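Student: Pasting a structure here, questions to come.
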Amino acid sequence: MRHFLLIIFIGIISWSCTDSDDPVDASDGFDRQAMLINWADNIIIPAYDAYNLSLAELSNSTNSFTENPSLETLTSLRSNWEVAYTSWQTVSMFEIGKAEELTLRDFTNVYPTNTGNIDNAISSGSYNLTLPSTRSQQGFPAINYLIHGLGTDQEIVDLYTSSESHKTYLNDLVNRLATLTGEVLADWQGDYRQTFVDRDGSDASSSVNKLINDFMFYYEKALRAGKVGIPAGIFSNTSLPDRIESLHQPELSKSLLQVALTSAENFFNGVHFDDNDQGMSLSEYLDFVNAISEGETLSRLINQQFESAQSAINGLDGNLMLQVETDNTSMLKAYDELQKNVVLMKVDMFQALNIKVDFVDADGD
Amino acid sequence: MSFVNSSYFNETTKAAPLAAFRIFFGFMMLISIIRFWSYGWIDKLYIQPRFFFSYYGFEFVKPLGSFTYIIFAICGLAALAVALGFKYRLAIITFFLSFTYIELMDKTTYLNHYYFISLLSFLMIFLPAHAYFSIDAKHNQNLSYQYIPKWNIDSIKVLLIIVYFYAGLAKLNSDWLLHAMPLRIWLPSNYDLPLLGDFLQKTWVIYLFSWSGAIYDLTIPFLLLYKRTRIVAFVLVVIFHVLTRVLFPIGMFPYIMIVSALIFFDASVHEKILERIARLFKVSRKVFDNGKQLVWNPQIKKLTLSFLIFFFLVQVILPFRHIVYPGELFWTEEGYRFSWRVMLMEKAGYASFQVVDGVTGNKQTVDNSEFLTVFQEKQMATQPDFILEYAHFLKDTFETRGFSDVHVFIDSFVALNGRRSKRYIDPTVDLIKQSESFKHKNWILPFNDEIKGI
């Protein structure tokens, strides 16, 4: 019935309005599927692949360390942890499909980590890391605590030399990350890639709609608020320097933020993960729908704002905890710059691309 | 009130159209309730949220926790009783009250068509829709009439005419006609529809939709009214509403309007429809053809007619109330609701609140997701009365968290019909010092643009 009526209607309008085509708009429409293919094949899957490899390295060095705890193996473990944690920043925003089902982000990077629960779990030896209630005692922040937060380097080595239960817990955490990520990557390399690409429609469950919503949620909550706003005290009475990412290795916090922001910007511009080529992207899509405002294209405004946020962040200390404690004003400034892009993307971009936020009846008022 | 005795108000007609209307209406409402329930929307919209936005003056109407399901159950059962014509007056009053209660619980979900349902069911309270082909009429000869006053049926037509015509008038604005907004945003995103998808990318198609939509709304009630154009008009009604169903997420509304338009047809059509229904359920329609004519008690007739004329006068005037407010209607939304302004705006916003403790000077930005659902936050960000109510809620909440002398400020941006986002509310105004009223909210920043129109 639906299609039958459509055919009748098209018949009527084609008959009544032939040859009045506006040459400017005589396009075949934006190829959303090509954009989805670019996202899947050139950004998401390669990024997960790289992240998965970095976890394999982390796994190896964790084994070496627990089999033979020494300052040397500890250093190697720490550096692989840094690489993997940094690599995580390039995939965290893609919480769709299997990652969404597994709530990958919540099992990977909830901070601050609950050191009390970790200590209890290690001493009791009873814990089930698949339970949602254990999210704050696993993932990178928990590993961070276990490899940086248990004393001086020598004390840590000594602890792992003597304590089997510490070894087990550390290995379990690393394995858990590897297992979850392996599942997500396998799904992308299996059927999900096609499902994702085929869902090129426009309803709320289409891939474009879903991923843009996920991306926006990530940018707003995990990146803007989590990495900058919360430590800077935006959402609390006072600043909370101990809420930074990578608390037990605070020197890493700024570079994690930088990688996260660059990854978000690259996703917006469709930049391939492996090289710097550009494919179909949100930026291009915005140009296609011709979202021009105040003489500037919206894509350009958003990119300029990404740059402003980058430069505000570049000026921060590598240790964001120190930054908050000594000069929170600069941290607040970085937040403001990140915030401006929430408005440009969530208000202007969502409107221009007609992204639906939720499925309920609406008549547009 | 001598008009009450004028010849028009003494004309009679067959009761079948009103009976058919009652059955369709009740059935549609039952389906709507079931649909709403089955999507889990009762839980999602009325039980999960921590906070609900009230209509001014109706702050006492709130969801009742799990008992909210009972309101929906009552509403659904009342709809069924209306369709059957079983204890009709009680059923339609119950339906009107329960449905309207549901709509008043949270204005986040406001839709013009819900308002239409409330008005229509209210009107139906006064009409003898159970006089024919109903359980009431079958069991009680005193209620059974084959003929009823013509104005009983015409009053429903008047309501439909108002709805369509005002919806058409509202489309006579520069955004809709000259810029094809917001259809220019909405239509192209339906690119994945078979056949139609590619057409919807073209500018001329979008303008065609805008203009024909406006002309349709303005003319359709009159085309339905005149016998010679009625059939064509009904075909247009079906095409138009099926198209809107395909293109936009507007739920049951298109079907309700299609079925409602049947009221314009002659009684013979409804008799055929009722005959079909009668055969389907193996009941007799003939028993209702008793030749009896319903004559209203003169006093009640006079009172009812006077009241309904007042009711329609309000309907005619209310949509123009925005005239008394300064500023752009689409921007301030002062006088926007209850005016048949359907699908006129694509509005998106962002609102971030800062709560300040006046004693300690402590400041805190609110995470809206702590209190509001995604849908509520979206609606709140673009409507000043929502913003104000929420700000006062934040004050109360933060007082319980130890804040004193609370001030609430907002950082907000809104984009309207494809325009670049602009700051919406004066960020220097303490919203706690403002209170809700029918007065103009002078803390809404100016639109600095003009949308010409009625």
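So the sequence lines, in the order shown, correspond to chains A and U. With our numbering as the guide, the letters of the first sequence map in order to residues 13 to 377. With our numbering as the guide, the letters of the second sequence map in order to residues 1140 to 1593. Using N, Cα and C, we set each Cβ at its ideal position, and we do this for glycine too. Model, not experiment: these values are computed from the prediction.
1) What residue range is occupied by the uninterrupted alpha helix (DSSP H) comprising U/W1314?
2) Name the chain U residues whose beta carbon is nearer than 7 Å to that of A/S248?
3) Give a yes or no on whether 8 Å exceeds the smallest Cβ distance from A/D212 to chain U.
4) Check whether chain A comes within 8 Å of U/S1328, counting only Cβ atoms and requiring the distance to be less than that.
5) Could you tell me whether the Cβ of U/I1231 comes closer than 8 Å to any Cβ of chain A?
6) So with CB distances below 8 Å, who are the chain U contacts of A/V369?
7) How far does the beta strand (DSSP E) with U/L1555 in it extend, from its first residue to its last?
8) Using a cut-off of 7 Å between C-beta atoms, extract the partners of U/S1560 located in chain A.
9) DSSP three-state label for U/V1434, please.
10) In its own chain, which residues sit with a C-beta less than 6 Å from the C-beta of A/M292, not counting the 5 before and 5 after it?
11) I'd like to confirm the pairing. Which residues does DSSP put opposite U/Q1503 in its beta bridges?
12) Between A/H160 and the rest of its own chain, which residues show a CB-CB distance below 6 Å, the 5 nearest in sequence each way excluded?
13) Within its chain, find whatever has a CB closer than 7 Å to the CB of A/I19; leave out the 5 residues flanking it on each side and keep chain order.
14) Since I believe U/V1495 is in contact with U/F1548 (beta carbons under 8 Å), could you give me their beta-carbon distance rounded to a whole number of angstroms?
15) Would you please verify whether the beta carbon of U/W1325 is less than 8 Å from any beta carbon of chain A?
16) How about U/L1357 and U/F1304: are their beta carbons less than 8 Å apart?
17) On the three-state DSSP scale, how would you describe U/E1383?
18) Excluding the 5 residues preceding and the 5 following U/F1446 in the sequence, name in chain order all residues of the same chain whose CB lies nearer than 8 Å to its CB.
19) What is the DSSP secondary structure of U/G1592, reduced to helix, strand or coil?
20) Starting from the Cα of U/Y1195, find the closest Cα among U/W1582, U/F1537, U/G1474 and U/I1370 and give me that residue.
21) Where A/L83 and A/D165 are concerned, what is the direct C-alpha to C-alpha distance, given to the nearest angstrom?
22) Under 8 Å by Cβ, that's how I've got U/R1480 and U/A1309 pegged, so tell me the actual separation to the nearest angstrom.
23) Taking the alpha-carbon positions, what's the A/I242 to A/Y172 distance?
24) Which of the three DSSP states is assigned to U/K1153 in this structure?
25) Suppose you measure from the CA of A/G42 to the CA of A/V95; what does that come to, to the nearest Å?
26) Figure out for me which residue from U/S1478, U/L1555, U/F1459 and U/F1450 has the closest Cα to the Cα of U/Y1489.
27) Please determine, among A/N302, A/E107, A/M333 and A/A133, the residue with the shortest C-alpha to C-alpha distance to A/G245.
28) Quick one: which chain U residues come within Cβ less than 7 Å of A/N366?
29) Quick one: give me the first and last residue of the beta strand (DSSP E) that U/I1287 is part of.
30) Can you check which of these residues, U/P1267, U/P1202 and U/F1192, is closest to U/L1229 by C-alpha distance?
31) Judging by CA-CA distance, which residue of A/F300, A/S76, A/E195 and A/S218 is the nearest neighbour of A/D61?
32) Using beta carbons (cut-off 8 Å, strictly below), is A/V209 in contact with chain U?
33) My parser needs the alpha helix (DSSP H) runs of 4 or more residues fully inside the region 151-191 of chain A; what are they?
34) Using the three-state DSSP reduction, which class does U/I1561 fall into: helix, strand or coil?
35) Which residues of chain A have a Cβ atom closer than 8 Å to the Cβ of U/D1506, listed in chain order?
36) Is the region 1199-1214 of chain U close to the region 1225-1239 of chain U, with three or more CB pairs under 8 Å?
Tutor: In short, the structure shows the following:
1) The residue you asked about is not Trp; residue 1314 of chain U is Asp in the sequence shown. In the DSSP assignment, U/D1314 falls within the alpha helix (DSSP H) that extends over S1313 to L1317.
2) Q1503
3) yes
4) yes
5) For U/I1231, the answer is no, since every Cβ of chain A falls outside 8 Å of its Cβ.
6) At a C-beta separation below 8 Å, A/V369 has these neighbours in chain U: V1513, F1514 and K1517.
7) It spans V1545 to L1555 - the beta strand (DSSP E) in which U/L1555 sits, taken as one unbroken run.
8) V355, V359 and D360
9) In this structure, U/V1434 counts as coil in the three-state DSSP scheme.
10) A46, M47, N50 and G282
11) U/V1494
12) Around A/H160, the same chain offers H260 and Q261 as residues with beta carbons nearer than 6 Å, after the five sequence neighbours per side are excluded.
13) Because A/I19 carries a pLDDT of 46, less than 50, the predicted location of this residue cannot be relied on, and the following value inherits that uncertainty. Excluding residues within five positions, none has a Cβ falling inside 7 Å.
14) 7 Å
15) yes
16) yes
17) Inspection of the sequence shows that residue 1383 of chain U is occupied by Thr rather than by Glu. U/T1383 falls in the helix class under three-state DSSP.
18) F1265
19) strand
20) U/G1474
21) 7 Å
22) 5 Å
23) 33 Å
24) strand
25) Checking the sequence shown, residue 42 of chain A turns out to be Phe, not Gly. Straight across, the Cα-Cα distance linking A/F42 with A/V95 is about 37 Å.
26) U/L1555
27) Among A/N302, A/E107, A/M333 and A/A133, the Cα nearest to that of A/G245 belongs to A/M333.
28) I1324, W1325 and S1328
29) That run of the beta strand (DSSP E) goes Y1286 to P1288.
30) U/P1267
31) When each option's Cα is compared against that of A/D61, the closest is A/E195.
32) For A/V209, the answer is no, since every Cβ of chain U falls outside 8 Å of its Cβ.
33) Listed in chain order, the complete alpha helix (DSSP H) runs (minimum 4 residues) inside the region 151-191 of chain A are 152-160 and 165-174.
34) Looking at the sequence shown, residue 1561 of chain U is not Ile but Lys. DSSP places U/K1561 in strand when its eight states are reduced to three.
35) A237 and F247
36) yes
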